[in-house]
Structures are given as C-alpha cells and as structure tokens.
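Residue numbers (the working numbering): 262 to 524.
Beta carbons are placed, not taken as given, at the ideal position from N, Cα and C, and that holds for glycine.
Reviewing the structure listed below.
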C-alpha cells in the first residue's frame, strides 16, 4: 500500500489545496469519491454517532474496524481515519490499533492531544512510527488548543507552534488546528512550522483560498456533512408529521445536541 501513502502524501504539497469531505460509512465514502474527492477521510464524531456512541472515545474498536473495512471495500482512494486520541493512553495499544487499520489498507490517521499533555501524544506518535511499515503512514497530529477555549492570539499561536514542532520531531507528517480561521494567524504559524497544515471548514463563508495563500494545504469538513444530512432527515420527518396533523418537534441539530443524545 506504499504507493497509496505516497499518493496521499503528495496531495499535501500541491495547488489547489487538498479538500477532504469527512465520511462515516461506506455509502458516504462512495458518494464522496464519485463527487470528485481524491482521498477518503472519516470524522470520529460522525462515525461514532452513526453507531450510537458519543464522540468521546467510547466507540468500540470492533465497530471502528468493521466500518473501515466496509469503506475500504467500496473505494480505491487513499483512506485516512480519525482515531480521536487513539482510544487509549497506552502508546503501545494505540500502535496496535493503527497496525490493524493499516492491515485494512489505511494510509493516514488523525490523532489528537485533546486536553492531555502533549508529551503523551508524542509517545503515541513515536510508538506508531516503530510499527512495521510505520513509515508508510501519514500521521496528522491534531492540537486542540483553540477547541479547548483558548482564544487564537499570538500567545496561543506560540503554544500551537511548540506542540506541532514537538509532534513533527517524533514523526508527524502534518498538523491539524481545528478552530483556527484567521489568515493572519495562519501566516504567523506557517513562519514557524514546516509541516503541511490542516484546518476544519467551520462554515460555508470561510475563505479557503485566502487561508491556502496564507499557508494551509489541507481542509476537512469534520462532522458538518453528517449534521447537514441528518438535519435534513429531521426536517423531512417534522414536515410529514405536520402534514398528517401529528405533533412534531422542530429542532436544529448541532454538535453538542447530537453528541448528548448518545451520552
């Protein structure tokens, strides 16, 4: 599968930027492929919700592996999987999970620091790199500084720079900074980090080309496709109930509301 890894890696060093529509099952993966995506990426939140679990590390690993195997059956595109924090604080358990994913054909992972010490993520990345064929894996290291409520000022950028450079030293191929949206902040970051950088698309008005020019090479949609699809389902259900005179609840789904449904 090394050719798919190299194909995926090259997508981070080109113009226009790499766009990833995050999927959660075989059908959404196939639709993304047929719509023109050049690689398949999952959203941990979307995949967890589709299985009836919250996006908090509670997804059973057999459910994750089964879904990945189903996705791999329907597409020949490079596949990268969001594994939250690796579903363990044990770096060797994380490496074992990644090994199983690679056996299914996966060539990339997202792995995050969350609210834990960056040294723990460093240990996990290092353990994954020690795997047989571990060099044929694109590790996108995610730091949640901004998602944890820190405002994106110059001091926060310094923290992100420090973390991403640590992750690169132990083997990360890319850096993911969800919650960042300012081209000016991206420019500050890019001056001090050589990794290809990934942002989450926060809304339809996000100026992707300005962010690309500032230094972002990869954009991903996170849970928003899932939220959009299931909001449509909720709206259609409400409409049909109202048409037949039955009580219906009108509710707009967002991340927090959907996540608490499964806690």
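Next on the checklist: Give me, in chain order, the residues of the same chain whose beta-carbon lies closer than 6 Å to that of residue 450; leave out the 5 immediate sequence neighbours on both sides.
Outcome noted: 418
Checklist entry - Between residue 498 and the rest of its own chain, which residues show a CB-CB distance below 8 Å, the 5 nearest in sequence each way excluded? => result 509
Item to check | First and last residue of the uninterrupted alpha helix (DSSP H) at residue 247 | outcome: With the chain covering only 262 through 524, there is no way to say anything about residue 247.
Item to check | Any 3 or more C-beta pairs closer than 8 Å across the region 464 to 478 and the region 275 to 294 | outcome: Below 8 Å, enough C-beta pairs join the region 464 to 478 and the region 275 to 294 to call them touching: three or more.
Checklist entry - Quick one: complete alpha helix (DSSP H) runs, 4+ long, within the region 314 to 359? => result 322 to 335
Checklist entry - Is the number of C-beta pairs between the region 393 to 400 and the region 287 to 300 that are closer than 8 Å three or more? => result When C-beta atoms of the region 393 to 400 are compared with those of the region 287 to 300, fewer than three pairs fall below 8 Å, so the two segments do not count as touching.
Next on the checklist: Would residue 287 and residue 332 be called neighbours here (beta carbons separated by less than 7 Å)?
Outcome noted: A contact, by the Cβ cut-off of 7 Å.
Next on the checklist: So, under 8 Å CB-CB, residue 487 and residue 307 are touching, yes? Tell me the CB distance rounded to an integer number of Å.
Outcome noted: 4 Å
Checklist entry - Under the three-state reduction of DSSP, which class applies to residue 407: helix, strand or coil? => result Coil at residue 407, not helix or strand.
Checklist entry - residue 435 and residue 459: beta carbons closer than 7 Å? => result Yes, the pair counts as a contact, with Cβ atoms nearer than the cut-off.
Checklist entry - Which word fits residue 494, buried or exposed, when buried means at least 16 other C-beta atoms lie within 10 angstroms of its C-beta? => result It counts as exposed.
Checklist entry - Taking the C-alpha atoms as reference points, what is the distance between residue 382 and residue 347? => result Cα to Cα, residue 382 sits roughly 9 Å from residue 347.
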